Amino acid sequence: DTEVRRRKLYEEVSVLTEPDVPGAAEGHIWNFEDFQTQIFDRPSARADQLQVAAVGRKWVGMASVSESVKGKWVNDFTGVVPAWRGKGIALAIKLAVIRAALAE
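Those letters in the sequence shown? Residues 1116 to 1219, by our numbering.
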């Protein structure tokens, strides 16, 4: 967990997927500071359980969760870059989050 890796996740995944969130304002893209605040720095964020999908060195998807009530995880965001959609990546990273939650 470094700023360099957070920026990589922001640039390679968030910028390409956040506009597709249902209900998102058209054309809105978080800046890096908003991304960092929402995904990593919120008190309920479980950044330690963030799941990232990669193809080689390219990051193509992510799933983040929060825990506002002890033991109850909520999917905050799951996104896969357009070129990699339809290949089961979102399902795989959501299942990884579920496995982590069950293990805890």
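We treat Cβ as the ideally placed atom computed from N, Cα and C, and that holds for glycine. Computed from a prediction, not measured in an experiment: that's the story for all the values here.
By how many angstroms is the C-alpha of residue j removed from the C-alpha of residue i?
{"i": "S1159", "j": "F1192", "result": "14 Å"}
{"i": "R1120", "j": "M1177", "result": "13 Å"}
{"i": "D1116", "j": "D1163", "result": "9 Å"}
{"i": "G1201", "j": "R1172", "result": "20 Å"}
{"i": "A1198", "j": "L1124", "result": "16 Å"}
{"i": "E1141", "j": "L1131", "result": "13 Å"}
{"i": "G1138", "j": "W1174", "result": "25 Å"}
If I follow the unbroken beta strand (DSSP E) through residue i, where does it start and stop?
{"i": "K1224", "result": "What is shown of the chain runs 1116 to 1219, which leaves residue 1224 out entirely."}
{"i": "A1162", "result": "It is not in any beta strand (DSSP E) - A1162 carries neither H nor E in the DSSP assignment."}
For residue i, would you say it is in contact with chain C, using Cβ-to-Cβ distances shorter than 7 Å as the test?
{"i": "R1172", "result": "No chain C is present in this structure, which holds just one protein chain."}
Inspect the beta-carbon positions of residue i and residue j and report whether they are closer than 7 Å.
{"i": "F1150", "j": "S1181", "result": "no"}
{"i": "S1183", "j": "I1154", "result": "no"}
{"i": "E1133", "j": "W1145", "result": "yes"}
{"i": "A1211", "j": "Q1166", "result": "yes"}
{"i": "V1196", "j": "A1205", "result": "no"}
{"i": "I1208", "j": "A1168", "result": "yes"}
DSSP has residue i in a bridge; who is on the other side?
{"i": "W1174", "result": "A1169"}
{"i": "V1180", "result": "N1190"}
Following the continuous alpha helix (DSSP H) through residue i, name the residue where it begins and the one where it ends.
{"i": "R1214", "result": "1204-1218"}
{"i": "V1119", "result": "1118-1124"}
{"i": "Q1151", "result": "1147-1151"}
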